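Residues in the sequence shown are numbered consecutively from 1, following UniProt numbering.
C-beta atoms are modelled at their ideal positions from N, C-alpha and C, and glycine is treated no differently.
No experiment lies behind these values; they were computed from the predicted model shown.
Here is the structure we will look at.
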Amino acid sequence: MTKPTDIPRPLANTHTNRVPRPSIYPAARVTDIEDEDEFIELTGGSPDVSNRRTSIPVDRERKQETRELLAENFPYHLRQTIANPTHASFDQVRKVQHDKQRIKELIRRVGLRDDSVFLNKIGASDGQKSNAPEAIEESAGTKERSIFTKESSQEKHFAADLPKRLSQSVLKMVADYLYPSQLSKLAALSKEWRIKIHGLPVWRELCEEAGLVLTSDQIKDRGYKQPDYFRIALESSNVICEQCFRLTRSSGAFRALPVTIAESPVPTKVLMCRDCRVEYYLDLPEPVPDTVAPYTKGGIAVTPRMTKGEAMKAYLLTGSDVMSLPYEMGRNPYFSRQAPMYLFEEQHILRLARQVHGGDIGIAAAHSSLETVGRKAPDPQRDVIRHRRNLLRSLLHDKGLHLPEHAAICHIYTEHGVGDPVKIVEELQAVDWFHRFTNYDPSLDKAHLNQVKCRPHISHNRVAESEALDKSSQDEIMTEKEEEEDDHHKMAAVDGWLQDRLDQGLYDSYKRDPDGPEKPPKSIWPLLDQIDMGHKLLLFAAKRVFCSILKCVRQKGELDSVKLSKNEIRAMVDTPDQVSGVFSTSNTRKRKRSVEEGMGRDSSKDPAPRLSALLEHELGTNWDLKVLDKAMTMITACLS
């Protein structure tokens with residue numbers, strides 16, 4: 001007799017002293033069952049004397065027929081328990097009629113081949129006697145009332161037939177021999193089975209072992225009155241090992257992977273972690289493929305071998321793992337003077353990789369995880385890249401530009417989608433304007449060669465102070481730190497471009513220029529507005545007055561005798577004579593375009609305003625005195 005305490009628990013919680021599940025072992029033959037006389041009890045309850053008095057012996061012939069019947073419908077471990085039902089296996093009364101001809105006839109009429117149907121018909125509630133053959137015969141004789149042939153009848157008479165079905169204690173014993181995935185499939189058969197499987201304590205044990213037990217706060221957040229461990233287990237079923245009930249990783253060789261239990265009566269796939277797979281494949285090793293095993297070719301024995309690097313790459317092993325295997329020394333075929341190669345038999349490497357990763361499926365999972373890590377920053381698809389490139393090209397074409405493939409800002413946008421295409425076009429348009437119409441040299445930004453060059457006069461409030469007007473541009477020298485902060489080289493290029501406009505007689509604002517490639521892009525306007533045009537106009541006008549006064553002084557020989565009225569100063573300022581002498585810019589860089597090509601205007605337009613009018617607007621009504629003072633300062637410096 002089997003005692004309740006002797007029933008093995010295959011769902012052990014630790015790896016040590018774990019009893020493997022019976023379903024992974026091959027099914028025993030019918031003749032393997034002991035041929036001793038057994039007793040089938042007719043009344044339930046505790047094992048007392050009254051129960052033993054009503055027991056009847058079962059002869060060998062009838063017991064053999066019962067075994068054959070059970071062998072057709074049940075695995076070995078279930079049919080061994082059902083063939084010898086006692087008070088240790090069932091908590092309720094069992095009465096079985098052992099009439100061979102009658103049972104065979106009833107099974108033929110009903111077509112009984114399903115395990116759940118057989119269990120449902122054998123079971124009965126506590127305190128109620130049940131006769132399985134009579135129940136089967138009654139259901140077979142009346143199809144309208146049968147619960148085997150019509151699913152709608154099962155749902156209709158579910159409440160009335162529930163006490164007659166398998167008790168929860170017996171189902172708990174059956175669940176000890178099944179995996180959680182098999183129980184979930186059984187729960188999907190019908191509503192009755194779902195209710196019975198849902199109430200099993202195995203789900204709480206599984207969640208406790210996996211660390212998925214909910215706290216009281218988590219239960220309230222999910223809206224449960226009590227924790228539904230069946231649902232929790234199903235939600236995390238893909239990361240729970242069905243052998244040890246432990247939570248595994250979500251990727252890699254250590255995660256729970258499906259293993260086919262081919263030695264069971266029915267092939268079953270079970271999720272196992274790496275450690276459980278290693279233990280399983282130690283008992284039932286996987287075969288070595290023909291491409292790895294030694295073979296004979298032309299009467300010569302050939303053993304596939306691999307180098308250390310090839311083994312580490314193909315099977316994702318460490319160098320210490322590979323060097324633990326036996327090896328042979330071979331000549332290096334690539335470099336004769338180099339150290340010899342270590343050659344390992346591929347079948348030994350394969351067996352080691354199976355132990356490290358948990359079978360062939362673990363090796364494949366490790367490769368898949370490694371490929372996923374390498375694809376964390378995947379490149380955009382070809383059509384997405386093509387769309388971004390075409391969009392950028394069309395926007396640049398509207399501005400009369402071409403797409404610079406080598407530009408980093410364009411490459412980053414087309415390949416990774418970082419940046420705004422409109423802002424990229426504006427920035428490229430500004431760069432193109434700097435290179436075409438100014439003397440800007442990007443190489444000066446890298447070499448600190450302009451640390452002592454003149455800094456353009458910058459006004460933040462557009463009001464020229466008297467102290468700033470007295471200062472000469474020669475006195476304003478930038479330090480290296482200020483040069484990096486203010487982007488001095490671009491400012492110097494813009495200042496030179498404004499000076500060219502004044503030399504050409506273009507005193508009006510650049511914002512009023514006609515639209516064209518010569519007009520500065522709007523993204524450069526804030527940079528141009530930083531330059532104080534009042535100070536620049538003052539210097540330009542003072543140079544013209546200086547030339548006229550210097551010519552008069554050389555003729556008369558006295559500076560004090562020179563007296564100019566406002567109208568005379570206005571005439572000198574508005575005279576479009578070229579500035580020459582010591583203030584000529586002979587050492588300036590070559591202009592990238594000529595005056596006619598770069599700053600030509602339409603003759604039909606209104607003439608530009610006079611310089612004196614702009615000076616009066618920028619400096620006020622006493623502009624003539626400021627121009628004269630600046631010119632006299634220049635003359636004094638020149639004559640001294």
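Coil, strand or helix - residue i by DSSP
| i | result |
| --- | --- |
| residue 202 | helix |
| residue 328 | strand |
| residue 541 | helix |
| residue 322 | helix |
| residue 335 | coil |
| residue 575 | coil |
| residue 305 | strand |
| residue 464 | The pLDDT assigned to residue 464 is 38, lower than 50, so where the model puts this residue is not dependable; a value taken from the coordinates is nonetheless given after this. In the structure shown, residue 464 sits in coil (DSSP, three-state: anything other than H, G, I, E or B). |
| residue 536 | helix |
| residue 254 | coil |
| residue 286 | coil |
| residue 620 | coil |
| residue 270 | strand |
| residue 171 | helix |
| residue 295 | strand |
| residue 189 | coil |
| residue 89 | The predicted model places residue 89 with a pLDDT of 32, which falls under 50 and marks its position as unreliable; any figure quoted below should be read in that light. Looking at residue 89 - three-state DSSP - the assignment turns out to be coil, as it is neither helix nor strand. |
| residue 350 | helix |
Exposed unless 16 or more other CB atoms sit within 10 angstroms - verdict on residue i
| i | result |
| --- | --- |
| residue 370 | exposed |
| residue 550 | buried |
| residue 357 | buried |
| residue 262 | exposed |
| residue 335 | exposed |
| residue 295 | exposed |
| residue 320 | exposed |
| residue 416 | exposed |
| residue 284 | exposed |
| residue 361 | buried |
| residue 196 | buried |
| residue 366 | buried |
| residue 241 | buried |
Extent of the continuous alpha helix (DSSP H) to which residue i belongs
| i | result |
| --- | --- |
| residue 527 | 525 to 529 |
| residue 633 | 623 to 639 |
| residue 274 | 274 to 283 |
| residue 313 | 308 to 315 |
| residue 413 | 408 to 416 |
| residue 343 | Not the alpha helix (DSSP H): residue 343 falls in the beta strand (DSSP E), residues 341 to 345. |
| residue 213 | Taken as a continuous stretch (DSSP letters only), residue 213 belongs to no alpha helix (DSSP H), as it is neither H nor E. |
| residue 403 | Segment: none, residue 403 is in no alpha helix (DSSP H) and carries neither H nor E. |
Residue i - containing beta strand (DSSP E), residue span
| i | result |
| --- | --- |
| residue 239 | No beta strand (DSSP E) contains residue 239, which DSSP labels as neither H nor E. |
| residue 301 | 300 to 302 |
| residue 421 | Careful: residue 421 lies outside any beta strand (DSSP E), inside the alpha helix (DSSP H) at 421 to 437. |
| residue 178 | Unbroken run through residue 178: none, as it is neither H nor E. |
| residue 220 | Where residue 220 is concerned, there is no enclosing beta strand (DSSP E), although the alpha helix (DSSP H) it sits in stretches over 216 to 222. |
Sub-8 Å separation of residue i and residue j beta-carbons
| i | j | result |
| --- | --- | --- |
| residue 388 | residue 414 | yes |
| residue 179 | residue 270 | yes |
| residue 330 | residue 323 | no |
| residue 328 | residue 343 | yes |
| residue 544 | residue 572 | yes |
| residue 243 | residue 276 | yes |
| residue 519 | residue 510 | yes |
| residue 194 | residue 229 | no |
| residue 521 | residue 433 | yes |
| residue 534 | residue 618 | yes |
| residue 628 | residue 528 | no |
| residue 211 | residue 286 | no |
| residue 498 | residue 531 | yes |
| residue 303 | residue 235 | no |
| residue 516 | residue 438 | no |
| residue 624 | residue 569 | yes |
| residue 274 | residue 253 | yes |
| residue 720 | residue 392 | Residue 720 falls outside the range modelled here, since the chain spans only 1 to 640, and no answer is possible. |
| residue 546 | residue 409 | no |
| residue 574 | residue 614 | no |
Check whether the region 345 to 356 and the region 296 to 314 are in contact - that is, three or more C-beta pairs closer than 8 Å.
With a cut-off of 8 Å on Cβ pairs, the region 345 to 356 is in contact with the region 296 to 314, counting three or more such pairs.
Count the CB pairs spanning the region 248 to 257 and the region 214 to 229 that are closer than 8 Å, and state whether there are at least three.
Under the 8 Å Cβ criterion, the region 248 to 257 does not count as touching the region 214 to 229, having fewer than three qualifying pairs.
Given 8 Å as the limit, is there contact between the region 255 to 264 and the region 218 to 232, that is, 3 or more CB pairs closer than that?
Output reads no: the region 218 to 232 does not touch the region 255 to 264.
So, do the region 502 to 510 and the region 532 to 547 have three or more beta carbon pairs nearer to each other than 8 Å?
Inter-segment contact for the region 502 to 510 and the region 532 to 547 is present: three or more beta-carbon pairs are separated by less than 8 Å.
Does the region 424 to 432 touch the region 396 to 403, meaning 3 or more C-beta pairs lie closer than 8 Å?
Two segments are said to touch when three or more pairs of C-beta atoms, one from each, lie closer than 8 Å; by this definition the region 396 to 403 touches the region 424 to 432.
Under 8 Å: do the region 168 to 176 and the region 189 to 205 share three or more Cβ pairs, one atom per stretch?
With a cut-off of 8 Å on Cβ pairs, the region 168 to 176 is in contact with the region 189 to 205, counting three or more such pairs.
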